[in-house]
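Colleague:
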Amino acid sequence: MLDDFANFWNWRKTINLETSLVKKLVKAIPEAVVNARAFTAFTDTLQDDHVKDLLIWQDQVVQWEQGLSNFCPYDMCEETLTLAQVKKELAEEEHQREVTGMNTSISTLSGLVIDRLEIEELQQSIVASMTCKKKLTDFQECSRITRQTSLLQRIQKYRDSLLIHIPALRPLIEAEPPECTSPETMNLFLPSSLNERSHTLIPTELIQLEDRLHFVQVHESLSQLQAQLRSRSVVYKNTSHLQPSQGNVYKNEYAPGQD
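In this note's numbering, the protein residues as written are 50 to 308.
1) Is the stretch 231-247 touching the stretch 188-204 in the sense that three or more CB pairs, one from each, lie closer than 8 Å?
2) Here's the rule I'm using: 16 or more other beta-carbon atoms within 10 Å means buried, otherwise exposed. How should F238 be labelled?
3) With DSSP as the reference, label S231 as helix, strand or coil.
4) Considering Cα atoms alone, identify which of R279, V284, H263 and S280 is closest to V162.
5) Buried or exposed for Q172, please, with buried defined as at least 16 other CB atoms from any protein chain shown within 10 angstroms of its CB.
6) Applying the criterion that 16 or more other CB atoms from any shown protein chain within 10 Å of the CB defines a buried residue, is E259 buried or exposed?
7) Evaluate V135 with the Cβ neighbour count: other Cβ atoms within 10 Å of its Cβ, from every protein chain shown; 16 or more gives buried, anything less gives exposed.
8) With distances taken Cα to Cα, identify the nearest neighbour of Q107 among D93, Y123, T94 and D97.
9) Are T131 and E269 close, meaning C-beta to C-beta below 8 Å?
10) Alpha carbon to alpha carbon, how far is N65 from A276?
11) So, with DSSP's three-state summary, where would you put P240?
12) Around the Cβ of R246, are there at least 16 other Cβ atoms within 10 angstroms (buried) or fewer (exposed)?
13) Tell me the DSSP secondary structure of S156 in three-state form.
14) Just to confirm my understanding: we take L103, look at its own chain, exclude 5 residues before and 5 after, and list those with CB closer than 6 Å. What are they?
15) I need the straight-line Cα distance from F120 to R146, nearest angstrom please.
16) Specify the secondary structure class of S192 as computed by DSSP and reduced to three states.
17) Once the 5 residues before and after W113 are set aside, which same chain residues still bring their CB inside 7 Å of it?
18) Quick one: using the 10 Å Cβ neighbour count with 16 as the cut-off for buried, is S159 buried or exposed?
19) Does the Cβ-Cβ distance between I222 and I168 come in under 8 Å?
20) Would you report the Cα separation of H214 and I251, rounded to the nearest angstrom?
21) For V265, is the classification buried or exposed, using 16 other Cβ atoms within 10 angstroms of its Cβ as the cut-off for buried?
Have a look at this one:
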């Protein structure tokens, strides 16, 4: 019966399920808790800050599911907002300010926020590589240390530039605990990483700019995730029709006449 409904590889996975499932559950349960809490917080935020938009979308879903409307609210918008597009817009705005002779303080702050986002990605990359439990070779360990050193130098330059624009942050930076010296865990001291009281020290333009870039960053990530899920669903839907069952191949070639 097992060969009739699963291929040989799935049968091997079933045999080893007792050991492999425990390892996967150890990793999956903490991630499930984090994702569940994040989804609850996301839903609560939508209900608090976007009540009208949420009601409109729910009404569109009901009408589409009942066949009262041809508009599908689940369809992905053709226009994709990317971080590269916003960087280009900020560069054009900076150029225009230079041409007109206006103060370019906001434009330099835009470069500061973009640099911060890039540093965050490097921090996450190093943390992900360090969570790997496999023993690193000497070459891999050397590469990791080199990346940490390069990141530390970049964070120090970033903080120097940050203090030029926001000198009031100096006490917060100097009060950072001495144990927070690992570059992958160092605070970057922008609005999203500070409490509301500290927001009074930061220009409003910088807060709005960071919100704008974070929105684009999230939009781009969700668009990529949506595209990956669509591709995966197409592959899963058509694999069973294109690839023959290994169980039938085994029975026909290696065990003919056996049930």
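C-beta: ideal position from N, C-alpha, C; glycine also.
Modeller: Reading off the structure:
1) yes
2) buried
3) coil
4) H263
5) buried
6) buried
7) buried
8) Y123
9) yes
10) 32 Å
11) helix
12) exposed
13) Per-residue confidence for S156 stands at a pLDDT of 49, beneath the threshold of 50, marking its modelled position as unreliable; no derived number is given.
14) L95
15) 42 Å
16) helix
17) F120, C121 and P122
18) buried
19) no
20) 9 Å
21) buried
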